[in-house]
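Working notes, beginning with the structure itself.
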Amino acid sequence: MQSLKDTYREKFDKLKCCVLIPTYNNEKTLSNVIRDVLEYTANVIVVNDGSTDSTRGILESFTQVKVVQQPHNMGKGMALRTGFKAAFEQGYQYAITIDSDGQHMASDLPVFIDKIEKEPGTLIVGARNMEQSSVPGKSSFGHKFSNFWFWFETGVKLPDTQSGYRLYPLEPLYKMKWFTRKYEFEIENIVRASWKGVKVDSVPVQVYYGKERVTHFRPFKDFSRVSVLNTVLVVIAVLFIKPFKVVRSLNRNSIADFFKKYVFNRDESDLRKTFAVMFGVFMGIVPIWGFQLIVGITLAHLMKLNKVLFVTAAHISIPPMIPILIFLSYKSGGMVLPNGKDVLIFNRDITLENVKADLFQYTVGSMLLAVAAAVLFGLITYLLLKVFPARQKLNTEISS
Numbered sequence: 463m464q465s466l467k468d469t470y471r472e473k474f475d476k477l478k479c480c481v482l483i484p485t486y487n488n489e490k491t492l493s494n495v496i497r498d499v500l501e502y503t504a505n506v507i508v509v510n511d512g513s514t515d516s517t518r519g520i521l522e523s524f525t526q527v528k529v530v531q532q533p534h535n536m537g538k539g540m541a542l543r544t545g546f547k548a549a550f551e552q553g554y555q556y557a558i559t560i561d562s563d564g565q566h567m568a569s570d571l572p573v574f575i576d577k578i579e580k581e582p583g584t585l586i587v588g589a590r591n592m593e594q595s596s597v598p599g600k601s602s603f604g605h606k607f608s609n610f611w612f613w614f615e616t617g618v619k620l621p622d623t624q625s626g627y628r629l630y631p632l633e634p635l636y637k638m639k640w641f642t643r644k645y646e647f648e649i650e651n652i653v654r655a656s657w658k659g660v661k662v663d664s665v666p667v668q669v670y671y672g673k674e675r676v677t678h679f680r681p682f683k684d685f686s687r688v689s690v691l692n693t694v695l696v697v698i699a700v701l702f703i704k705p706f707k708v709v710r711s712l713n714r715n716s717i718a719d720f721f722k723k724y725v726f727n728r729d730e731s732d733l734r735k736t737f738a739v740m741f742g743v744f745m746g747i748v749p750i751w752g753f754q755l756i757v758g759i760t761l762a763h764l765m766k767l768n769k770v771l772f773v774t775a776a777h778i779s780i781p782p783m784i785p786i787l788i789f790l791s792y793k794s795g796g797m798v799l800p801n802g803k804d805v806l807i808f809n810r811d812i813t814l815e816n817v818k819a820d821l822f823q824y825t826v827g828s829m830l831l832a833v834a835a836a837v838l839f840g841l842i843t844y845l846l847l848k849v850f851p852a853r854q855k856l857n858t859e860i861s862s
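Start counting at 1 in the sequence shown, then tack on 462, and there's your number in the working numbering.
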């Protein structure tokens with residue numbers, strides 16, 4: 463009688479699926495990870511990302527494994543990109559990535575295979591149980607933070623967007639040009655794959671954080687890189703991806719449904735809608751250029767505000783308005799500060815103290831302008847909502 467593991471060996475071959483293991487200085491756990499994977503398939507590719515420990519010697523003992531050597535440490539993202547290329551060129555259609563630090567269980571490989579048999583072409587993420595006691599607090603926070611931004615950027619909800627245990631369809635990924643090289647690559651690839659129309663789903667997997675586990679994640683540097691990437695992806699999503707999808711799907715009924723659901727939401731009070739507009743105008747003016755949207759959306763989510771109204775109002779700072787807002791902010795600051803100036807003066811006698819004073823005047827003025835504009839737009843919004851009740855306006859649009 464054929465064993466369960468032999469059954470999955472055949473399925474790996476039939477699906478043209480391999481297991482891809484990127485590794486860097488994980489000599490304590492690498493051998494066990496490879497041996498456990500080989501129980502289920504011989505289709506294994508290991509990318510040695512310039513390890514300086516005994517990794518090379520360990521890999522030499524596994525003659526049945528395809529090994530790709532990076533000349534030096536280039537980051538996990540580059541190791542995965544190299545592995546995808548090698549797998550695709552060898553004729554594989556899918557690759558399951560598993561970390562070499564021992565946190566993932568090879569016994570979960572059948573879960574991915576069963577899922578892809580039912581849903582071919584899907585990118586599948588292994589969702590870890592992040593509530594168990596062995597998971598570090600910083601990992602639990604990081605994965606919640608990442609989950610939220612993935613949902614905002616794609617509209618897809620996943621329970622664990624940071625898991626490295628994944629099944630990738632190789633053809634759509636092989637054709638794409640990637641921009642990131644390190645840990646943030648795993649965020650880039652699922653976001654952009656979703657934008658390209660690849661279905662992204664998840665399966666539950668086990669996770670083990672043992673004492674022998676060695677991680678090369680650098681909390682400050684790598685979290686900062688992920689934050690910068692999410693900022694870029696949010697801007698692209700808001701300015702291009704989401705508007706394009708809306709325009710592409712527009713018809714008379716869908717427009718009415720959109721306004722009914724997101725703008726004229728009858729479950730929201732007029733005051734909450736007004737506050738969403740006020741907060742959007744305020745965040746659009748406050749002097750945190752480059753981070754206004756990502757900070758504002760996070761706070762709007764926490765306060766459960768209407769995000770469509772917030773984002774629309776925040777666009778008060780679109781490029782044509784920026785010079786006007788800067789000018790009005792500077793003028794506002796000059797009106798309240800004792801030594802405020804009416805205009806900026808540039809000459810060869812300018813000093814660092816002048817620059818600091820001008821920046822302070824602009825900052826104070828921008829906060830005042832943000833509050834004043836928020837109140838003004840809030841009053842206008844509230845009056846419009848009272849003069850033109852949502853139900854009457856919606857009925858008028860549908861009937862016309």
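All residues carry an ideal CB built from backbone N, CA and C; glycine is no exception. On a predicted model such as this, the values are computed, not experimentally measured, just so you know.
Distance, residue 823 Cα to residue 733 Cα: As a working note, residue 733 is residue 271 in the sequence shown. As a working note, residue 823 is residue 361 in the sequence shown. Going by the C-alpha atoms only, they are around 32 Å apart.
Validate contact between the stretch 609-616 and the stretch 558-578 using beta carbons, cut 8 Å, 3 pairs: no
Would you kindly work out how many angstroms separate the C-alpha atoms of residue 698 and residue 526, rounded to a whole number? Counting from 1 along the sequence shown, the entry for residue 698 is found at position 236. Counting from 1 along the sequence shown, the entry for residue 526 is found at position 64. Looking at the two C-alpha atoms, the distance is approximately 43 Å.
Return the Cβ separation of residue 662 and residue 585 in integer angstroms, given the expectation that the two are a contact with Cβ distance under 8 Å. Along the sequence shown, one-based indexing puts residue 662 at 200. Along the sequence shown, one-based indexing puts residue 585 at 123. About 5 Å; that satisfies the 8 Å criterion.
So with Cβ pairs under 8 Å, would you call residue 568 a contact of chain C? Note that chain C does not occur in the displayed structure, where there is just one protein chain.
I'd like to check one pair, residue 634 with residue 542: are the Cβ atoms closer than 8 Å? Here residue 542 is taken as the residue at index 80 of the sequence shown, counted from 1. Here residue 634 is taken as the residue at index 172 of the sequence shown, counted from 1. No, these two residues do not count as a Cβ contact at 8 Å.
Helix, strand or coil: which one does DSSP assign to residue 528? Sequence index remark: in the sequence shown, residue 528 carries index 66 (1-based). In this structure, residue 528 counts as strand in the three-state DSSP scheme.
State buried or exposed for residue 644, treating a residue as buried only when at least 16 other CB atoms are found within 10 Å of its CB. By 1-based counting over the sequence shown, the position of residue 644 is 182. Buried, by the Cβ-count rule.
Taking only runs that begin and end inside the stretch 767-801, name each unbroken alpha helix (DSSP H) of 4 or more residues, in chain order. 769-776, 784-798
Buried or exposed by the 16-neighbour rule on C-beta atoms within 10 Å, applied to residue 692: As a first step, residue 692 must be located in the sequence shown, where it is residue number 230. Residue 692 is buried by the Cβ-count criterion.
Candidates 559, 637, 620, of which the one nearest residue 630 by Cα: Your numbering for residue 630 matches position 168 in the sequence shown. For residue 630, the nearest C-alpha among the options comes from 559.
Any idea what DSSP makes of residue 488, helix, strand or coil? Translated into positions along the sequence shown, residue 488 becomes position 26. Looking at residue 488 - three-state DSSP - the assignment turns out to be coil, as it is neither helix nor strand.
Look at the alpha carbon of residue 488 and the alpha carbon of residue 468, and state the distance between them as a whole number of angstroms. Walking along the sequence shown from the start, residue 488 turns up at place 26. Walking along the sequence shown from the start, residue 468 turns up at place 6. Roughly 28 Å separates the two Cα atoms.
At the level of alpha carbons, what is the spacing between residue 814 and residue 749? In the sequence shown, residue 814 corresponds to position 352, counting from 1. In the sequence shown, residue 749 corresponds to position 287, counting from 1. Taking the straight line from one Cα to the other gives about 20 Å.
What is the rounded straight-line gap between the Cα of residue 703 and the Cα of residue 657? Mapped onto the sequence shown, residue 703 falls at position 241. Mapped onto the sequence shown, residue 657 falls at position 195. Cα to Cα, residue 703 sits roughly 7 Å from residue 657.
Counting Cβ pairs closer than 8 Å, one from the stretch 792-800 and one from the stretch 763-778, do we hit at least three? no
Excluding five sequence neighbours on each side, which residues of the same chain lie with their C-beta closer than 8 Å to the C-beta of residue 835? Here residue 835 is taken as the residue at index 373 of the sequence shown, counted from 1. Taken in chain order, the residues that qualify are 743, 744, 747, 778.
What number of angstroms, rounded off, separates the C-alpha of residue 820 from the C-alpha of residue 792? As a working note, residue 820 is residue 358 in the sequence shown. As a working note, residue 792 is residue 330 in the sequence shown. One C-alpha to the other measures close to 8 Å.
In terms of residue numbering, what span does the alpha helix (DSSP H) encompassing residue 468 cover? Here residue 468 is taken as the residue at index 6 of the sequence shown, counted from 1. Where residue 468 is concerned, the enclosing alpha helix (DSSP H) stretches over 466-477.
Just the C-alpha distance for residue 650 and residue 479, rounded to the nearest angstrom, thanks. Within the sequence shown, residue 650 is the residue found at index 188, counting from 1. Within the sequence shown, residue 479 is the residue found at index 17, counting from 1. Computed Cα separation, rounded: 22 Å.
Is it right to say residue 862 is buried, meaning 16 or more other beta carbons lie within 10 angstroms of its own, or is it exposed? Reading the sequence shown from its first residue, position 400 is the one you call residue 862. Any reading at residue 862 needs caution, since the residue's pLDDT is 46, under 50, leaving its predicted position unreliable; the model's value is listed next. Burial call: exposed.
Could you work out which residue in 476, 773, 641, 828 is closest to residue 795 when comparing CA atoms only? Locating residue 795 in the sequence shown gives position 333, counting from the first residue. Nearest option by C-alpha distance: 828.
Could you check what DSSP says for residue 559 in three-state terms: helix, strand or coil? Indexing the sequence shown from 1 puts residue 559 at position 97. Strand.
Residue 629 bridges to which residues according to DSSP? Taking the first residue of the sequence shown as 1, we reach residue 629 at position 167. The partner list for residue 629 (beta bridge, DSSP) reads 558, 586.
Helix, strand or coil for residue 750? Go by DSSP, reduced to three states. Residue 750 sits at position 288 when you count from the first residue of the sequence shown. In this structure, residue 750 counts as coil in the three-state DSSP scheme.
Cross-strand partners of residue 483 (DSSP beta bridge): Along the sequence shown, one-based indexing puts residue 483 at 21. Residue 483 pairs with 508.
Note the first and the last residue of the continuous alpha helix (DSSP H) segment covering residue 622. By one-based count along the sequence shown, residue 622 stands at place 160. Looking at the DSSP string, residue 622 is not in any alpha helix (DSSP H), and its letter there is neither H nor E.
What number of angstroms, rounded off, separates the C-alpha of residue 591 from the C-alpha of residue 653? On the sequence shown, residue 591 is found 129 positions in, with the first residue counted as 1. On the sequence shown, residue 653 is found 191 positions in, with the first residue counted as 1. Cα to Cα, the separation comes out at about 22 Å.
So, for residue 826: in the same chain, excluding its five sequence neighbours on each side, which residues have a beta-carbon less than 6 Å away from its beta-carbon? One-based indexing of the sequence shown puts residue 826 at position 364. The answer, listed in chain order, is 795.
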